[in-house]
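Reviewing the structure listed below.
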Amino acid sequence: MAGKFSINLVACAIEQSPMAYPLGALCILTALESDVRTKDATNVSLSHYLADTHDPVMAAKAVAKTGSDLVGLSMYLYNRDWFNRFIPAFKQLCPDTIVYAGGPEAGAKAQELLDMGLSFIVLGEGEETVSLAVSQLLAGQDPQGPGIQTNSTALAHAVYPLDLSTLASPLLTGTAIPSDYEGVLWEMTRGCPYHCAFCFESRGSRSVRTYPDERIEAELELLIAHEVKHVFVLDPTFNMDRKRTVHMLTLLRDHSPSDMHFTFEVRAELLDKQTAQLFGQFHCSLQIGLQSCNAAVLNGIGRKFDPELFANKVALLNTHGVVFGLDLIIGLPGDTLESFRDSIDYAIGCKPSNLDIFLLALLPGTQLAEDAKALHLVYQEESPYLLIGSPTMKSADIAVALRLKDACDQFYTQGQAVMWFHAACSGLGFRPVELLEAFSIYLEECPIEEDEDIFAVQDRFIQTLYHEKDKQDLLPALLSYMELHQGIAHLQESGESPVVYLQYDSDLLAQLDSTSLADFSRTYPPSEEPHPYWIFVDDGILYVEKMEG
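Set out below in structure tokens:
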């Protein structure tokens, strides 16, 4: 390998998790090892770090020791702070080494990074651009051309490969070894036809480009052979092309093993009965960007919304047993604390398994960031660029909304409360947001102790609240209903078959799916003492059996 031009690509994930898969850097590495101009003249390596584990200064020292001729940084919103400390430490050690950066954060803050001493910035999708830059360096030239921003470049534009079939696969070339990671980020398409003002994708390629079916089929076969358990499909809108969606879902249903889990991002409005059925026929979950239930707010960021259509579409997922989550954003232009509260009610009414809530981030390069001044949005000037206040949502309102977010994260999502949350609300005549507000207040008075079981916290809170509201006569039914579903959640999460204690027969409790808690409690008296029930799975079927004796 002596005499070859050495390149070290540096990636940094937030933490060790199934999402810590350096896809961007792997794609660049694969491109350099496949391009006829660079493959025989370069020695390319990848250094992969974790922001919560690896000190950036120590990482800089390790990269410096490689003696690389070129160092490439894979930069995103989530690792910008880490690289802000890595860059000066590395430049101090290796002032003459050529350093470039690529990724969404690099493209959005190109001049800022050039001012920190970087040699050039890659704009857009980097496979072709980095290969061009390296071929120029090999020829003794300064990098220049499409997708390359330097201090001497008047105006550079992002570059996006038009034909994805020309790109080599990190998986199929052996560059990426799936079993080296807890999960894999998998692309089937690139580009997004939508123009949501808050999203990086809105300023990327609007042309949706697909990888060849043959490549996807071969990659799936390889992922199965490596016994990969977590696959995150990165397509911004997986179900945009219905014919292709059906084809891909059929492929996954027919070939993926039962313990291989896929995560998809989809548009609810594009769901139909057939695709919902297919999603329900293999191990997967969906994430859907609701963002708000206020049509005027969504219209302001380039999204159309029909609340009845949306609810009907996600109902198809519940009908076919598909696990899905919804996203909400705090502080979109025009959003108020009350409209955010309405969005929580609407979202929980759709019965998602998880509700993920985010404070608006005005990402550099997005339309919303460019319009921030005109919209009078105040936000952090450095990563993570979070909203501080707006004309309709002051900082005090944001603080309240964030407390609601925390309550929802813990009580609804971590507590897997979807199956019984409606019953807990109905017994008190509460809106969903009111129950979460009550839990938020409760947490201030009775904080969750470290390692305390969330199910125990839920039980304690519900008992306290129902006694305060003089509704304790409804507790035997509600606590039994909660205990049943908490036991099922425990089984699904851990694989362990629990014993739960119920004051009603499990089949009878199923009526609470559609009957109010008050009506149920009036009709059916509880047993004097709870009875043990064993929850287990046999041959893929869930059983809840009363234990005798």
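With the numbering used here, letter number 476 in the sequence shown gets 515, and the count goes up by one each step, no holes.
Positions of the beta carbon are idealized from the N, C-alpha and C atoms, including for glycine.
Which residues does DSSP pair with residue i in a beta bridge?
i	result
Glu266	According to DSSP, which records beta bridges pairwise, Glu266 is partnered with nothing at all.
Ser324	Thr302, Val362
Leu48	Leu85, Gly111
Thr228	Thr249
Gly163	Val198
Gln188	Ile160
Ser367	According to the sequence shown, residue 367 is Leu rather than Ser. Per DSSP, Gln330, Ile396.
Phe271	Leu224, Thr302
Using 8 Å for Cβ pairs, my map puts residue i next to residue j. What's the rounded Cβ distance?
i	j	result
Ala516	Leu556	6 Å
Leu89	Leu48	At roughly 16 Å, the Cβ-Cβ gap does not stay under 8 Å, so Leu89 and Leu48 are not in contact.
Val472	Arg380	5 Å
Ile327	Asp374	Not quite, the Cβ-Cβ distance comes to about 18 Å (not below 8 Å), so this is no contact.
Leu162	Ala207	Actually they do not touch by this definition, with Cβ atoms about 21 Å apart.
Ala315	Leu355	4 Å
His265	Ser218	5 Å
Thr276	Cys238	That pair is no contact at about 11 Å.
Asp531	Ile493	Per the sequence shown, the amino acid found at residue 531 is Gln instead of Asp. The Cβ separation is near 15 Å, so there is no contact.
Gly339	Pro372	5 Å
Ser107	Thr136	7 Å
Val336	Cys389	About 17 Å; that fails the 8 Å criterion.
Gln589	Gly454	Limits of the chain in this structure are 40 at one end and 588 at the other, which puts residue 589 out of reach.
Tyr487	Leu443	Just to set this straight, residue 487 is Ile in the shown sequence, not Tyr. At roughly 16 Å, the Cβ-Cβ gap does not stay under 8 Å, so Ile487 and Leu443 are not in contact.
Taking 6 Å as the limit between beta carbons, can you name the residues of its chain near residue i, skipping five residues before and five after?
i	result
Ala147	Pro403, Gly404
Glu587	none
Pro127	none
Val459	As written in the sequence, residue 459 is Trp, which differs from the Val given in the question. These residues qualify, in order along the chain: Tyr520, Met521, His524.
Asp274	Met227, Thr228
Tyr582	Phe575
Ala70	Glu166, Ser170
Ala149	Ile160, Gln188
Leu62	Leu224
Ile368	Gln330, Phe397, Leu399
Leaving out five residues before and five after residue i in sequence, what residues of the same chain have Cβ atoms less than 7 Å from its Cβ?
i	result
Tyr418	Leu401, Ala411, Tyr424, Leu425, Leu426, Ile427
Cys133	Ala103
Gly579	none
Met40	Its pLDDT being 42, under 50, Met40 is placed unreliably by the model, and nothing is read from it.
Met432	Gly370, Asp374, Thr375, Leu376
Ser434	Ile427, Gly428
Ala334	Phe344
Val539	Glu522, Leu523, Gly526, Tyr572, Ile574
Pro430	His415
Phe500	Phe478, Tyr481
What does a CB cutoff of less than 8 Å around residue i pick up in its chain, not counting 5 residues either side in sequence?
i	result
Ile67	Leu48, Gly111, Ser113, Gly141, Gly165, Glu166, Val169
Trp121	Cys51, Tyr88, Ala90, Pro95
Glu116	The displayed chain sequence assigns Leu, not Glu, to residue 116. If we look at Leu116 and ignore the five residues flanking it on each side, its Cβ neighbours are Pro143, Glu144, Ala400, Leu402, Ser422, Pro423, Tyr424.
His101	Reading off the sequence, residue 101 comes out as Ala, not His. Closer than 8 Å at Cβ, skipping near neighbours: Ser86.
Arg292	Leu317, Gln320, Phe321
Tyr451	Ile387, Asn393, Leu394, Val457, Phe460, Leu475
Within 8 Å (strictly less), CB to CB, does residue i reach chain D?
i	result
Asp293	Chain labels in this structure do not include chain D; a single protein chain is all it has.
Got a sec: does the ligand GDP put a non-hydrogen atom nearer than 7 Å to the Cβ of residue i?
i	result
Leu259	Judged by which ligands are present, the structure shown has none, so any question about the ligand GDP falls away.
Runs of alpha helix (DSSP H) lying entirely within the stretch 510-586, each at least 4 residues, in chain order = 514-533, 545-548, 556-562
Ordered list of beta strand (DSSP E) runs contained in the stretch 389-465, each at least 3 residues | 393-398, 426-428
May I have a chain-ordered list of the alpha helix (DSSP H) segments no shorter than 4 residues that lie completely inside the stretch 85-160?
-> 95-104, 119-132, 143-147, 149-154
Determine contact between the stretch 321-335 and the stretch 285-301, defined as no fewer than three beta-carbon pairs at a distance below 8 Å.
-> yes
Taking one C-beta from the stretch 181-201 and one from the stretch 246-259 each time, how about it: are there three or more such pairs within less than 8 Å?
-> yes
Are the stretch 206-214 and the stretch 183-190 touching by the rule of at least three beta carbon pairs closer than 8 Å?
-> no
Should the stretch 429-442 be called in touch with the stretch 342-354, which here means at least 3 C-beta pairs below 8 Å?
-> no
Any contact of the stretch 249-259 with the stretch 351-369, i.e. 3+ C-beta pairs under 8 Å?
-> no
If you pair each beta-carbon of the stretch 564-572 with each one of the stretch 479-490, do three or more pairs fall below 8 Å?
-> no
Counting Cβ pairs closer than 8 Å, one from the stretch 220-235 and one from the stretch 172-186, do we hit at least three?
-> no
So does the stretch 266-284 actually touch the stretch 299-317, counting three or more Cβ pairs closer than 8 Å?
-> yes
Inter-stretch contact (C-beta, 8 Å, three-pair minimum) for the stretch 533-550 and the stretch 495-513 | no
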